[in-house]
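>
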Amino acid sequence: MKLDKLQIARVLEEIGVILELKGENAFKVRAYTNAARVLEQLEDDLDGLIKSGELLKLKGIGKNLADHIVELHSTGRLKEYQKLRKSIPDGVFEMLNIQGLGPKKVRVLWEDLGVDKIELLELRCRQGKVAILPGFGQKIQDKILQGIQFLRNFQGQFLFCDAQAVALALLDEIERHKNTIRCEVAGSIRRRKEIVGDIDILVSSKNSEPLMELFTKHPLVKAVTAKGSTKASVVLKTGMNADLRVVTDDEFPFALHYFTGSKEHNVAMRARAKKQGLKLSEYGLFKDATPTKCKTESDIFKALGLAYIEPEMREDMGEMDAASEDKLPKLVELEDIQGIMHIHSSYSDGTATIEEMAHTAKTMGMKYLGMADHSQAVTYAGGLTPEDVKRQHEEIDQLNKKMKGFRILKGIECDILKDGKLDYPDSILKTFDFVIAAIHSNFNMTEAEMTKRICKAMENPYVTMLAHPTGRLLLSREPYKIDMHEVISSAAKNGVSIEINSNPHRLDLDWRLCKLAKEKGVRMSINPDSHSPDGLGDIVYGVGIARKGWLEKDDVLNTMTVDQLRKYWKK
DNA sequence: GCCGTTTTCGGCCCGACTGTTTTCAGTCG
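Numbering (the working numbering), first residue to last: 185 to 755.
1) On the three-state DSSP scale, how would you describe Phe485?
2) Going by DSSP in three states, Pro475 sits in which element: helix, strand or coil?
3) State the DSSP-derived secondary structure class of His526, mapped to helix, strand or coil.
4) Under 8 Å between the Cβ atoms of Tyr531 and Leu568?
5) For Leu791, report the span of its alpha helix (DSSP H) as first-last.
6) Output the boundary residues of the alpha helix (DSSP H) element that contains Lys732.
7) Along the chain, which unbroken stretches of the alpha helix (DSSP H) at least 4 residues long are found entirely within the stretch 557–600?
8) Are Lys588 and Thr745 closer than 8 Å when you measure CB to CB?
9) Evaluate the contact criterion for the stretch 434–451 versus the stretch 473–482: three or more CB pairs, one atom per stretch, below 8 Å.
10) What does the alpha-carbon distance come out to for the pair Lys241 and Leu256?
11) Measure the C-alpha to C-alpha separation of Ser258 and Val387 and round it to an integer number of angstroms.
12) Return the first residue and the last residue of the beta strand (DSSP E) that Asp427 is part of.
13) Taking the alpha-carbon positions, what's the Asp472 to Gly461 distance?
14) With a threshold of 8 Å, are at least 3 pairs of Cβ atoms found where one atom belongs to the stretch 367–379 and the other to the stretch 340–359?
15) Within the continuous beta strand (DSSP E) that includes Thr400, where are the two ends?
16) Helix, strand or coil for Asp692, going by three-state DSSP, please let me know.
17) Is it a yes or a no for the stretch 528–543 touching the stretch 713–720, going by three-plus beta-carbon pairs under 8 Å?
18) Could you check whether the stretch 488–500 touches the stretch 442–449, counting it as contact only if at least three pairs of C-beta atoms, one from each stretch, sit closer than 8 Å?
19) Quick test of your reading: Gly275 and Gly331, contact by CB under 8 Å. State the CB separation rounded to the nearest angstrom.
20) Where Ser660 and Ala491 are concerned, what is the direct C-alpha to C-alpha distance, given to the nearest angstrom?
21) Report yes if the CB atom of His624 is closer than 8 Å to the CB atom of Val562, and no otherwise.
22) Would you report the Cα separation of Leu606 and Ala370, rounded to the nearest angstrom?
23) If the criterion is Cβ atoms closer than 8 Å, does the pair Leu693 and Ala701 meet it?
24) In whole angstroms, give me the CA-to-CA distance for Lys574 and Ile524.
25) When the Cα atoms are used, what is the spatial distance from Phe627 to Glu633?
26) Please state the DSSP three-state secondary structure of Leu256.
27) Based on Cα-Cα distance, which residue from Gly321, Asp739 and Asp500 lies nearest to Ile710?
28) I need the DSSP call for Thr547, collapsed to helix, strand or coil.
29) Can you list, in chain order, the residues of its chain whose CB lies under 6 Å from that of Asp427, leaving out five sequence neighbours each side?
30) Rounded to whole angstroms, what is the Cα-Cα separation between Lys235 and Ala219?
31) So is Val451 buried or exposed if we call it buried at 16+ other beta carbons inside 10 Å?
32) Can Leu512 and Ala506 be called in contact, C-beta distance under 8 Å?
33) Considering only the alpha carbon of each residue, which of Val408, Ala556, Glu509 and Ile612 lies closest to Pro570?
34) Under 8 Å, with one C-beta from each stretch per pair, do the stretch 281–298 and the stretch 308–324 reach the 3-pair mark?
35) Arg310 and Val299: beta carbons closer than 8 Å?
36) Note the first and the last residue of the continuous alpha helix (DSSP H) segment covering Glu303.
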């Protein structure tokens, strides 16, 4: 086997994009993207399907696509793809990442104006040459410039989940090396920031040379930018920068603290040390020239008269004061989570059945699962008609009879319409165990209008929760304009919980607002918003954000048992 | 390019929004 089904899906997806750029029939394009979806969601073994000739039985895979898939699977290449790929410059592909530019416009820019990279596009915009193209205009030209800026702002930034996965892969090799005494991923990954700039790995050892070699020759590394005896910097194949630092084991706790940051937290820590006549650096804690013995980070905090501050809280947002008064929260942990809500099934745009999702949740140790498919207005995601709702509820009743020690709750992700009304009448809303109100359309309202719209929805007595409150997509879409302070107050007033959407692209509610919500008495619900069994695992990212937001077990809705939840909602 | 037939070609999800037009095309979710 040369390529697996996900790799093949990516090739088909790319062919779709190329065909779009070439102005091919839109339905032909869709056939390719459809096929990519089918492969992604395929549960059966591709090898078996090919051997038995059942590939053609898959809906959306015909003669042509089946041939392509077999060719990619067995040879790892596809002649037709290679030919197509060569006909499009990389820069033209990259232009598609600019907001508001799709294949049609990119094609015009490329063919009529000869623009084949973003830098050139920027120049032509500044020269006013884009505005005079047919179908373009002043406003679109301005928007493109804005979009280019937006893209640049995000360059060199990565989602936490992507950065963490790579960091752990690097760490794994280092951990297993015989010269390693202690090692850890430091930096913003350790602090669980939603966006990460680069990877910092720290290791203690008596002999750094072999570790430097191991790190700089790692298969994930594209280029080495610096290599000395204590520090190496590399650029990874993913475009991320990664640093490895080697220190002595005596220095390790100090270096770990220093390289974990944040910078602001470190400044506050040093100031505190200075007040006590001490000096704190990445090498140690000194009184004059005498080092203070510290085996762990905990010892450093103790030496400064502080309780241990979890890495997630080290943002200089009050943790120093709280630690000195021994008032730090006991942060919520993954083990505290009893059940998972905001789950999609194949009733709307999920890939799996309710039973499959419930089964996976159960094996994760969960006690309940809160289904929440889309409501009827979200037609593109297969929103549920009132009849679908009824059918789903019957199915859930059946499953609940069957499953022992596990409960499936009837919920819905109900759209908030433009005017703040909900997508179902109360007569339907009242049939659910819980209702998550959500916005999926009409993003461009004024702040006042959007705030009013959401607050109005939360006043509906059947609404139990607010989904992804700002609608942001990290590194790709700004949050819509909204007064979150007002929204949080309104949630508190109406007894509505706010979701911490754990999808790594969202992580919304932002951790910076969790503390405020908690103070107002709003319960947060850590929801994966998963569309597949795998997606249930995203809950760990939400727990990280909750911890970053100082949340304790009792601040989180889904640390409750089913019975506690029912009572809570009744109240 | 796929599907499903009234078996060999017509339909394929759709609504909102924006900006360009003067009735619509492109993008997005």
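A virtual CB, placed ideally from N, CA and C, is assigned to each residue, including glycine.
Reading off the structure:
1) Looking at Phe485 - three-state DSSP - the assignment turns out to be helix.
2) Here Pro475 sits in strand by DSSP.
3) Looking at His526 - three-state DSSP - the assignment turns out to be strand.
4) For Tyr531 and Leu568, yes; Cβs fall inside 8 Å.
5) Any question about residue 791 goes unanswered here, given that the chain covers just 185 to 755.
6) In the DSSP annotation of this structure, the continuous segment of the alpha helix (DSSP H) that includes Lys732 starts and ends at Ile723 to Lys732.
7) Look at the stretch 557–600 and you find these whole runs of alpha helix (DSSP H), each 4 residues long or longer: 570–586.
8) The answer is no: Cβ separation not under 8 Å.
9) Note that the stretch 434–451 touches the stretch 473–482; at least 3 beta-carbon pairs, one per stretch, sit closer than 8 Å.
10) Going from the Cα of Lys241 to the Cα of Leu256 covers about 19 Å.
11) Approximately 42 Å, taken between the alpha carbons.
12) Counting along the chain, the beta strand (DSSP E) containing Asp427 begins and ends at Asn425 to Val431.
13) Taking C-alpha positions only, Asp472 is separated from Gly461 by approximately 8 Å.
14) The count of Cβ pairs closer than 8 Å, one atom from the stretch 367–379 and one from the stretch 340–359, reaches three, so the stretches are in contact.
15) Counting along the chain, Thr400 falls outside any beta strand (DSSP E), though it belongs to the alpha helix (DSSP H) covering Glu393 to Thr400.
16) DSSP places Asp692 within a strand segment (E or B) once states are collapsed to three.
17) Cβ pair count under 8 Å is three or more, so yes.
18) Yes, the stretch 488–500 is in contact with the stretch 442–449.
19) Rounded, the Cβ-Cβ distance is 15 Å, inconsistent with contact.
20) The alpha-carbon atoms of Ser660 and Ala491 are separated by roughly 38 Å.
21) If you check the CB distance, His624 and Val562 come in under 8 Å.
22) Their Cα atoms are separated by approximately 45 Å.
23) Cβ atoms of Leu693 and Ala701: closer than 8 Å.
24) Distance between the alpha carbons of Lys574 and Ile524 is about 22 Å.
25) Cα to Cα, Phe627 sits roughly 11 Å from Glu633.
26) In this structure, Leu256 counts as helix in the three-state DSSP scheme.
27) Minimum Cα distance to Ile710 is reached at Asp739.
28) Helix at Thr547.
29) The answer, listed in chain order, is Asp384 and Ser417.
30) Near 19 Å, if we compare the C-alpha coordinates of Ala219 and Lys235.
31) Around the C-beta of Val451, fewer than 16 other C-beta atoms lie within 10 Å, and the residue is accordingly described as exposed.
32) A contact, by the Cβ cut-off of 8 Å.
33) From the listed residues Val408, Ala556, Glu509 and Ile612, the smallest Cα separation to Pro570 is found for Ile612.
34) Counting Cβ pairs under 8 Å, three or more are found: they touch.
35) Between Arg310 and Val299, the CB-CB gap reaches or exceeds 8 Å.
36) First-last of the alpha helix (DSSP H) with Glu303: Ile302 to Arg310.
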